[in-house]
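Chains as they are written, first to last, in our numbering: chain E, 1 to 86; chain U, 87 to 624. Glycine included, C-beta positions come from ideal geometry on N, C-alpha and C. All values derive from a computational prediction rather than experimental measurement. In what follows, a structure is listed as structure tokens, so that the remarks can point back to it.
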Amino acid sequence: MTGPDSDGARDAAESDTDGEPRRRSDRSWWNWLLVIPIVIPLLTPLYNADKPRFIGLPMFYWLQIAFIVLGVGATTIAYQVGKRRR
Amino acid sequence: MTSNQIVELVIFIVLFVAVSGIGFVAARWRRPADMMHLDEWGLGGRSFGTWITWFLVGGDLYTAYTFVAVPALVFASGALGFYAVPYTVIVYPMVFLVLIRLWSVSHRHGFVTPADFVRARFGSPTLALLVAITGIVATMPYIALQLVGIQAVLKTMGLGSHWPLIIAFLILAAYTYQSGLRAPALIAFVKDLLIYAVIVVTIIYIPYKLGGFGHIFDVAGAHFDKLNAANAAAGKPPAGSTILGPANQLNYATLAFGSALALFLYPHSVTGVLASKSRNVVKRNMSALPAYSFLLGLIALLGFMAIAAGTTPIGTDNNTIVPRLFDQMFPSWFAGIAFAAIGIGALVPAAIMSIAAANLFTRNIFKEYLKRDATPRQEAWTSKIVSLVVKFGALLFIIFLNPQFSIDLQLIGGVIILQTLPSVALGLLTRWFHRWALVAGWVAGMAAGVWMLYTIPNPKTHHLHFGGSAFSVSKLGFDTQWTIYAGFVAVLVNVVVAVIFTLIFKAAKAPDGRDLTTKPDYTADEGDPKVSEVPVLG
Numbered sequence: 001m002t003g004p005d006s007d008g009a010r011d012a013a014e015s016d017t018d019g020e021p022r023r024r025s026d027r028s029w030w031n032w033l034l035v036i037p038i039v040i041p042l043l044t045p046l047y048n049a050d051k052p053r054f055i056g057l058p059m060f061y062w063l064q065i066a067f068i069v070l071g072v073g074a075t076t077i078a079y080q081v082g083k084r085r086r
Numbered sequence: 087m088t089s090n091q092i093v094e095l096v097i098f099i100v101l102f103v104a105v106s107g108i109g110f111v112a113a114r115w116r117r118p119a120d121m122m123h124l125d126e127w128g129l130g131g132r133s134f135g136t137w138i139t140w141f142l143v144g145g146d147l148y149t150a151y152t153f154v155a156v157p158a159l160v161f162a163s164g165a166l167g168f169y170a171v172p173y174t175v176i177v178y179p180m181v182f183l184v185l186i187r188l189w190s191v192s193h194r195h196g197f198v199t200p201a202d203f204v205r206a207r208f209g210s211p212t213l214a215l216l217v218a219i220t221g222i223v224a225t226m227p228y229i230a231l232q233l234v235g236i237q238a239v240l241k242t243m244g245l246g247s248h249w250p251l252i253i254a255f256l257i258l259a260a261y262t263y264q265s266g267l268r269a270p271a272l273i274a275f276v277k278d279l280l281i282y283a284v285i286v287v288t289i290i291y292i293p294y295k296l297g298g299f300g301h302i303f304d305v306a307g308a309h310f311d312k313l314n315a316a317n318a319a320a321g322k323p324p325a326g327s328t329i330l331g332p333a334n335q336l337n338y339a340t341l342a343f344g345s346a347l348a349l350f351l352y353p354h355s356v357t358g359v360l361a362s363k364s365r366n367v368v369k370r371n372m373s374a375l376p377a378y379s380f381l382l383g384l385i386a387l388l389g390f391m392a393i394a395a396g397t398t399p400i401g402t403d404n405n406t407i408v409p410r411l412f413d414q415m416f417p418s419w420f421a422g423i424a425f426a427a428i429g430i431g432a433l434v435p436a437a438i439m440s441i442a443a444a445n446l447f448t449r450n451i452f453k454e455y456l457k458r459d460a461t462p463r464q465e466a467w468t469s470k471i472v473s474l475v476v477k478f479g480a481l482l483f484i485i486f487l488n489p490q491f492s493i494d495l496q497l498i499g500g501v502i503i504l505q506t507l508p509s510v511a512l513g514l515l516t517r518w519f520h521r522w523a524l525v526a527g528w529v530a531g532m533a534a535g536v537w538m539l540y541t542i543p544n545p546k547t548h549h550l551h552f553g554g555s556a557f558s559v560s561k562l563g564f565d566t567q568w569t570i571y572a573g574f575v576a577v578l579v580n581v582v583v584a585v586i587f588t589l590i591f592k593a594a595k596a597p598d599g600r601d602l603t604t605k606p607d608y609t610a611d612e613g614d615p616k617v618s619e620v621p622v623l624g
């Protein structure tokens with residue numbers, strides 16, 4: 001491969017031939033899981049309440065802290081699935 | 087100065103000096119063949135693994151100022167200040183797929199800054215210059231705010247003059263100059279150990295002393311009810327509450343969303359990401375960094391604890407509320423450790439931010455406009471010098487201007503850095519936009535953002551303008567009490583204008599810039615060949 005602006009190199013890379021490394025892709029249906037931890041923490045009516053309390057913390061606080069688990073879960077799955085497909 | 091303050095100060099100085107020593111030694115850590123190269127000085131050799139990246143980016147994003155300002159906001163406004171938690175939960179899934187593309191294309195082409203990428207992607211030095219200037223302007227007050235964090239601690243220990251701050255900053259400047267990004271990377275380990283230790287103790291000990299979280303929130307609720315009743319009688323808006331009111335829910339959600347969009351547009355965040363050695367390191371960190379969000383959630387609660395403990399800030403400086411709480415609740419030796427954690431916590435992001443701003447200047451102003459044939463050695467020199475200038479500028483900010491001014495500027499910084507979203511973040515996903523349309527969108531978004539901020543008064547400081555980021559939707563002609571995050575509206579304006587102008591320019595067949603990147607560049611990984619050994623801007 002000589003350079004990015006050489007048309008020959010570009011064609012070779014995009015057509016999966018000429019011994020170029022197999023074209024990788026980040027596409028996966030599993031990536032849609034990432035939408036869940038983005039949307040849910042923004043829906044204020046879902047958690048904007050005092051009760052039920054957990055160890056004295058209003059729901060507003062403990063539930064939002066608990067949402068961290070959603071984020072970690074979704075990014076971990078997206079990473080693991082992407083790794084396996086390599 | 088009381089004897090308690092002397093104990094605090096001694097512990098603070100010992101830890102601070104030890105960490106500064108680490109900063110200087112860092113130049114030899116994972117020793118490079120030649121430090122005089124931006125890849126080495128400015129990106130730590132692009133070689134950091136999962137753990138180092140976690141500490142580095144954690145220290146970079148969750149700054150000392152965050153740890154001081156978020157509880158201060160909770161102390162003043164209650165639930166609204168907790169937006170920092172949803173903000174730092176949603177940010178990682180949001181940027182997951184975008185950052186790995188940024189890492190890959192930068193790895194292939196040797197990009198050091200987000201503006202380098204924009205330059206190559208859209209073939210427009212002008213657009214790259216706008217992105218670079220936006221980045222520098224947004225970062226400067228952020229560095230100044232790290233000093234506000236240190237200053238809050240020094241004030242609590244009875245050091246009101248500027249000299250201790252100046253000394254601390256000279257030390258920081260010296261080791262950043264010498265060791266580059268390796269210094270904050272190594273210091274971040276120590277800083278995090280201290281922070282984690284302090285928070286674990288704090289979150290158990292203080293609620294225990296104050297009678298549990300239930301009691302803390304009951305006291306805080308009564309406190310806000312009283313303030314709100316007084317404000318209502320004086321015809322002022324409510325001060326705050328322990329859960330959101332009807333008028334600020336939209337603001338809460340858009341503030342969290344807008345801040346999340348902005349976070350990885352900041353040049354110092356990009357620096358942290360580009361210093362990692364592979365895509366997988368970036369991905370793993372998207373799952374690991376939320377550990378800091380958990381910490382931040384706990385720290386935010388300190389604001390309520392301060393209310394329940396009857397803590398008062400020094401003067402009207404709410405940023406002193408956390409140091410004051412520690413001073414009040416802990417024996418002096420532990421308060422000293424906690425103060426050191428905050429002070430050292432300020433050094434890590436301040437170093438990375440000054441490096442990032444210096445790299446922007448070097449790559450996108452110096453090399454682009456002043457000296458096109460600069461060698462890597464000259465680039466590294468320029469960055470080292472500029473990093474000193476940037477820090478010195480931040481210091482002058484704090485000494486000669488009211489700290490409130492830095493806080494207002496940082497608020498503006500968040501709104502303006504968002505205006506690079508279409509060029510940088512959307513640019514990583516698509517090449518559809520026209521370069522001139524992106525310039526038009528930037529201008530429109532910037533104008534809209536600054537205008538909105540201008541209309542927002544601060545009732546507490548009696549400033550008529552730039553008093554916050556909660557824009558009253560009623561100013562747009564809607565009959566409502568709702569407020570919305572100004573940055574969110576501004577970036578919407580930006581994107582809409584960029585889309586419309588792209589359609590116009592495409593219809594008019596306006597000449598578009600050449601894209602130097604190719605599709606596979608965006609999925610390249612560690613070990614894949616680089617486009618050239620010496621980074622070129624084409």
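Pop quiz: residue i and residue j are said to be a contact at Cβ under 8 Å. What is the actual Cβ separation, rounded to whole angstroms?
i, j, result
"M243 of chain U", "L375 of chain U", "Not really, about 31 Å apart at Cβ, beyond 8 Å."
"L220 of chain U", "T506 of chain U", "Inspection of the sequence shows that residue 220 of chain U is occupied by Thr rather than by Leu. Correct: roughly 5 Å between the Cβ atoms."
"G266 of chain U", "I441 of chain U", "6 Å"
"V368 of chain U", "L185 of chain U", "6 Å"
"L147 of chain U", "S364 of chain U", "Actually they do not touch by this definition, with Cβ atoms about 20 Å apart."
"T626 of chain U", "K561 of chain U", "There is no way to answer for residue 626 of chain U, as the model of chain U reaches only from 87 to 624."
"D278 of chain U", "G109 of chain U", "Actually they do not touch by this definition, with Cβ atoms about 15 Å apart."
"Q232 of chain U", "Y282 of chain U", "No, Q232 of chain U and Y282 of chain U are not in contact; Cβ-Cβ is about 20 Å, not under 8 Å."
"G167 of chain U", "A386 of chain U", "6 Å"
"F574 of chain U", "G344 of chain U", "4 Å"
Go through its chain and collect everything with a Cβ distance to residue i's Cβ below 6 Å, but skip five positions before and after it.
i, result
"E619 of chain U", "Note that E619 of chain U scores 47 on pLDDT, short of 50, meaning its location in the model is unreliable; the coordinates nonetheless yield the value given after this. So the list is empty, once near-sequence residues are dropped."
"P125 of chain U", "A small fix is needed here, since residue 125 of chain U is Asp in this sequence, not Pro. So the list reads R132, once near-sequence residues are dropped."
"V622 of chain U", "The predicted model places V622 of chain U with a pLDDT of 49, which falls under 50 and marks its position as unreliable; any figure quoted below should be read in that light. So the list is empty, once near-sequence residues are dropped."
"A214 of chain U", "A201, V204, R205 and N450"
"D607 of chain U", "V191 and R194"
"A526 of chain U", "V583 and F587"
"E14 of chain E", "Here E14 of chain E scores only 40 on pLDDT, less than 50, and its place in the model should not be relied on; the value that follows carries that caveat. Excluding sequence neighbours, E14 of chain E sits near nothing in its chain."
"F350 of chain U", "V181"
Could you tell me which residues DSSP puts in a beta bridge with residue i?
i, result
"G499 of chain U", "Answer is none; G499 of chain U lacks a bridge partner."
"D403 of chain U", "U:I400"
"H195 of chain U", "DSSP lists no partner for H195 of chain U."
"S558 of chain U", "U:T569"
"L129 of chain U", "According to DSSP, which records beta bridges pairwise, L129 of chain U is partnered with nothing at all."
"L57 of chain E", "E:F54"
"H549 of chain U", "U:N544"
"G627 of chain U", "Because chain U in this structure spans residues 87 to 624, residue 627 of chain U falls outside the shown range and cannot be described."
"F478 of chain U", "F478 of chain U is not bridged to any residue."
"F134 of chain U", "U:S362"
Counting only C-beta atoms, is residue i closer than 8 Å to chain C at any point?
i, result
"T212 of chain U", "Absent from the structure: chain C. Protein chains present are E and U."
Short of 7 Å in beta carbon distance, which residues of its chain neighbour residue i, apart from the five on each side in sequence? Order them along the chain.
i, result
"A150 of chain E", "For chain E, the structure presents residues 1 to 86; residue 150 of chain E sits outside this window and is missing."
"W655 of chain U", "In the structure as shown, chain U begins at 87 and stops at 624. Residue 655 of chain U is therefore absent and cannot be evaluated."
"W115 of chain U", "R268 and L272"
"H309 of chain U", "I393"
"L384 of chain U", "I285 and I289"
"L474 of chain U", "A259 and Y263"
"T136 of chain U", "V367, R370 and N371"
"H549 of chain U", "P543"
"N317 of chain U", "P323, P324 and A325"
"Q64 of chain E", "P41 and Y47"
With a CB to CB cut of under 8 Å and the five nearest residues on each side skipped, what residues in its chain are close to residue i?
i, result
"N445 of chain U", "L124, G128, V198, T199, P353, T357 and S469"
"S28 of chain E", "A78, V81, G82 and R85"
"A556 of chain U", "N334, N337, L341, I542, T569, I570, Y571 and A572"
Report yes or no: do the stretch 32–42 of chain E and the stretch 179–193 of chain U share at least 3 C-beta pairs separated by less than 8 Å? yes
Tell me whether the stretch 244–253 of chain U and the stretch 422–437 of chain U touch, counting them as touching only if at least three CB pairs, one residue from each stretch, are closer than 8 Å. The stretch 244–253 of chain U makes no contact with the stretch 422–437 of chain U; the number of CB pairs closer than 8 Å stays below 3.
Do the stretch 160–176 of chain U and the stretch 384–403 of chain U meet, that is, are 3 or more Cβ pairs less than 8 Å apart? yes
Is the number of C-beta pairs between the stretch 288–303 of chain U and the stretch 56–68 of chain E that are closer than 8 Å three or more? yes
For a minimum of 4 consecutive residues, which ranges assigned as the alpha helix (DSSP H) are wholly contained in the stretch 281–363 of chain U? 298–319, 335–349 and 353–360
For the stretch 457–467 of chain U against the stretch 230–239 of chain U, are there 3 or more C-beta pairs whose distance is under 8 Å? no
Does the stretch 377–391 of chain U come close enough to the stretch 599–618 of chain U to have 3 or more Cβ pairs within less than 8 Å? no
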